[in-house]
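Enquirer: Encoded as structure tokens, here's the structure I'll be asking about.
This is the structure we're talking about:
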């Protein structure tokens, strides 16, 4: 038996018509409601990591220090 999860926080987002259609399509293909689909993506998906160049960041920091 599933444990009931009392969700007490509500989140509102704004989508354009294309984004809404895409959400509805993907959630229906997954057999989930849009809310359940978003929760699934949020909780199960791998978080993307940004790759940055440490040398470039250091150079930009030095430039910023020179300006001040």
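In my numbering, the protein residues as written are 17 to 84.
C-beta: ideal position from N, C-alpha, C; glycine also.
Here the structure is a predicted model, which is why all the values come from computation and not from measurement.
Could you have a look at residue 57 and say whether DSSP puts it in helix, strand or coil?
Expert: Helix.
Enquirer: Just how far apart, CA to CA, sit residue 68 and residue 77?
Expert: Using only the alpha carbons, I get a separation of about 14 Å.
Enquirer: From which residue to which residue does the alpha helix (DSSP H) around residue 28 run?
Expert: Neither: residue 28 is in no alpha helix (DSSP H) and is coded neither H nor E.
Enquirer: In angstroms with no decimal places, state the Cα-to-Cα distance between residue 80 and residue 64.
Expert: 28 Å
Enquirer: Between residue 31 and residue 41, is the Cβ-Cβ spacing less than 8 Å?
Expert: no
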